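Be aware that the sequence shown starts at 890, since it is given in our numbering, and climbs by one per residue.
A short write-up of the structure that comes next.
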Amino acid sequence: MNLSERTAEFLWSQLFNDVILRFPPNNKAKQQMIKACRDYYRDNQQELQLIDEFEKYYTSEECIRWYTRETFVYKMVNKALRTEDVEQLHTFRFFIADLSSALTSEHKKMMEQSNNGMIITTVYRGVRLTLAELEEFRSNEGKLISINGYLSTSRSRCIAINFAVKGKKQVDSVPVLFEIECQNEESACSIFADITSFSDFPDEQEVLFDLGAVFKIQTVSEEDDMWKTCLPEDHSDIANVLHNIADCYQSKGQYDKALQHYHLALSMKTKCFPSGHPEIATTLNNISTVLSAKGDKVKALELCLKALKMRERVLPFDHLDLATSFSSAGHKYEAIKEYQCALEYFEKALRIRAKFLSEDDPVRKRTERHVIRMKWKVT
890 MNLSERTAEF LWSQLFNDVI LRFPPNNKAK QQMIKACRDY YRDNQQELQL
940 IDEFEKYYTS EECIRWYTRE TFVYKMVNKA LRTEDVEQLH TFRFFIADLS
990 SALTSEHKKM MEQSNNGMII TTVYRGVRLT LAELEEFRSN EGKLISINGY
1040 LSTSRSRCIA INFAVKGKKQ VDSVPVLFEI ECQNEESACS IFADITSFSD
1090 FPDEQEVLFD LGAVFKIQTV SEEDDMWKTC LPEDHSDIAN VLHNIADCYQ
1140 SKGQYDKALQ HYHLALSMKT KCFPSGHPEI ATTLNNISTV LSAKGDKVKA
1190 LELCLKALKM RERVLPFDHL DLATSFSSAG HKYEAIKEYQ CALEYFEKAL
1240 RIRAKFLSED DPVRKRTERH VIRMKWKVT
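Take a look at the structure:
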């Protein structure tokens, strides 16, 4: 999915994935999945036997192992994710929730072990793409992509190349090697885990990415009769995507989720931009707004003023973004009943807005009302 052109669709899929994971595990959901699989494979005795085995012996602790097996689970779950069929996704919510939770758990363990030198820095995926698919990657060089579903990769470059070379060949297909850089930090925006110990094929050294992984197509080049695509995970564009997701959660009142994504965006922006950059200030200001909504008024004011100082250092004294920061500070001071300070900041915001906005502009008029209200409270 090209995020430059399909941002709204990506945000919807992220929110939908979150809803899927919020469904409580229950036997009814499991039975819905089993029934759908039995209906689909009603004439396939081998798969029906595996479905019986799944019904009798499946536990959430075994979900990764079931996914790596060449069975109905892998085929049906991937089909639902690939087609983004809402009804099918709901049918398989039971297993999707288990698998994503398991990957998150394994990812946390891996992050703890990374302090001891057990770090994944680069993984690989080898596939065959049609010339049209390859051209789509080439034309989107420098843009972000999101994967529909789970992404299987390998620690081994040789194994990935082997998959690309020996994959199902079509007349107009070419082998492609994806080289993916990984973030080994708790602030990483993508969840991934080494699932070698769970896999029926441990020699493949598989690393599995959870739903919603986002990458930037850095380069697409031809090397030694094979196309190579580099996908770094850490980039300022991804930070903006995370910021947009956080905005959605904030608008829905899901403040904990909003904070989680704002902090991920902030972590990425502090790596990509110099200290005090306006992009960092924007995210700090949004975190401040969410904290205020959650009732942490003192911390909200602290971050708001920090963002304001950043903007004051780099923006002209009458920039409209400064007016936004002044107004935000006014609201934060009002929340802790510091009405004189609130008045001063609202007046600063109004001086800038009165300079650039017409008298009937709703933002200017709203700021005028804030000033009047604070004057009344001060007196």
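All C-beta atoms, glycine included, are put in the ideal place defined by N, C-alpha and C.
Please read all numbers here as calculations on a predicted model, not as lab measurements.
With contact counted as at least three CB pairs below 8 Å, one residue from each stretch, are the segment 912 to 929 and the segment 977 to 997 in contact? Segments in contact, yes.
Pull up the DSSP beta-bridge partners for Ser1088, would you. Ser1088 pairs with nothing; no bridge assigned.
Touch check for the segment 1032 to 1050 and the segment 1097 to 1106: three-plus C-beta pairs under 8 Å? Enough Cβ pairs lie closer than 8 Å, so yes.
Span separating the alpha-carbon of Leu1211 from that of His1132: Leu1211 and His1132 have their C-alpha atoms roughly 20 Å apart.
Going by beta-carbon coordinates alone, are Val1130 and Leu992 separated by less than 8 Å? When the beta-carbon positions are compared, Val1130 and Leu992 stay at least 8 Å from each other.
Among residues of its own chain, excluding the 5 on either side of Val1252, which ones have a beta-carbon nearer than 7 Å to its beta-carbon? Around Val1252: Arg1242, Leu1246.
If we require 4 or more residues per run, which alpha helix (DSSP H) segments fall completely within the segment 1116 to 1167? Contiguous alpha helix (DSSP H) elements confined to the segment 1116 to 1167 occur at 1125 to 1140, 1144 to 1161, taking only those with 4 or more residues.
Do the CB positions of Ala1147 and Asn1174 come within less than 8 Å of each other? Cβ distance not < 8 Å, so Ala1147 and Asn1174 don't count as in contact.
Buried versus exposed, by CB contacts within 10 Å (16 or more), Arg1269: An answer regarding residue 1269 cannot be provided, because it is not within the stretch 890 to 1268 covered by the chain.
Look at Lys1186 and Ala1231 and say whether their C-beta atoms are less than 8 Å apart. With respect to Ala1231, Lys1186 sits apart: the two C-beta atoms are not nearer than 8 Å.
Verify whether the separation of the beta carbon atoms of Val1063 and Leu1020 is less than 8 Å. Cβ atoms of Val1063 and Leu1020: closer than 8 Å.
Under 8 Å between the Cβ atoms of Ile1176 and Tyr1151? The answer is yes: Cβ separation under 8 Å.
Under the assumption that Phe1235 contacts Gly1219 (Cβ atoms under 8 Å), give the Cβ distance between them as a whole number of angstroms. Gly1219 and Phe1235 do touch by the CB rule: their CB atoms are close to 4 Å apart, below 8 Å.
Alpha carbon to alpha carbon, how far is Ile1080 from Phe1098? Give it in angstroms, no decimals. Roughly 6 Å between the two C-alpha positions.
Buried versus exposed, by CB contacts within 10 Å (16 or more), Phe1090: The Cβ neighbour count for Phe1090, taken over all protein chains shown within 10 Å, is under 16; the residue is labelled exposed.
Would Leu1066 pass as a contact of Lys1141 if the rule is Cβ separation under 8 Å? Between Leu1066 and Lys1141, the C-beta gap is not smaller than 8 Å, which leaves the two residues out of contact.
Through-space distance from Ala1053 to Leu1180, alpha-carbon basis: Taking C-alpha positions only, Leu1180 is separated from Ala1053 by approximately 48 Å.
Three-state class that DSSP yields for Leu1018 in the structure shown: Looking at Leu1018 - three-state DSSP - the assignment turns out to be strand.
Examine the Cβ distances between the segment 924 to 932 and the segment 946 to 959 and report whether three or more of them are shorter than 8 Å. The segment 924 to 932 is not in contact with the segment 946 to 959.
Give me, in chain order, the residues of the same chain whose beta-carbon lies closer than 8 Å to that of Gln935; leave out the 5 immediate sequence neighbours on both sides. Result list for Gln935: empty, nothing under 8 Å.
Alpha carbon to alpha carbon, what distance is there between Lys1237 and Glu1095? For Glu1095 and Lys1237, the distance between alpha carbons rounds to 57 Å.
What residues in its chain sit with their C-beta under 6 Å from that of Val1109, if we drop five residues either side in the sequence? Excluding its 5 nearest sequence neighbours in each direction, Val1109 has C-beta neighbours in its own chain below 6 Å: Phe1026, Arg1027, Glu1030, Thr1118, listed in chain order.
Taking the alpha-carbon positions, what's the Arg1255 to Val1267 distance? In this model, Arg1255 and Val1267 are separated by some 19 Å (Cα to Cα).
Quick check on Leu1204: does DSSP put it in helix, strand or coil? Leu1204 falls in the coil class under three-state DSSP.
Return the chain-ordered list of same chain residues with a C-beta closer than 8 Å to the C-beta of Leu1023, the five sequence neighbours on each side being excluded. So the list reads Val1063, Val1065, Val1109, Trp1116, once near-sequence residues are dropped.
If we call anything under 8 Å between Cβ atoms a contact, is Glu1068 one with Thr1010? Cβ distance not < 8 Å, so Glu1068 and Thr1010 don't count as in contact.
If Ala1154 and Ala1128 are in contact, beta carbons under 8 Å, what's the gap, nearest whole angstrom? The beta-carbon separation of Ala1154 and Ala1128, rounded to 5 Å, stays under the 8 Å limit for a contact.
Hey, out of Val1016, Glu1070, Ala1082, Thr1085, whose CA is closest to Asn1051's CA? Selected option, being the one with the closest Cα: Val1016.
If I follow the unbroken alpha helix (DSSP H) through Lys1221, where does it start and stop? Looking at the DSSP string, the run of the alpha helix (DSSP H) that includes Lys1221 is 1209 to 1224.
Can you check which of these residues, Thr1172, Phe1215, Leu978, Asp1061, is closest to Ala1135 by C-alpha distance? When the alpha-carbon of Ala1135 is set against those of Thr1172, Phe1215, Leu978, Asp1061, the nearest one is in Thr1172.
State the start and end residues of the unbroken alpha helix (DSSP H) segment that holds Phe961. Per DSSP, Phe961 belongs to the alpha helix (DSSP H) from 961 to 972.
Who are the near neighbours of Met1199 in its chain, counting only those whose CB is closer than 8 Å to its CB and skipping five residues on each side? If we look at Met1199 and ignore the five residues flanking it on each side, its Cβ neighbours are Gly1165, His1166, Pro1167, Ile1169, Ala1170, Leu1173.
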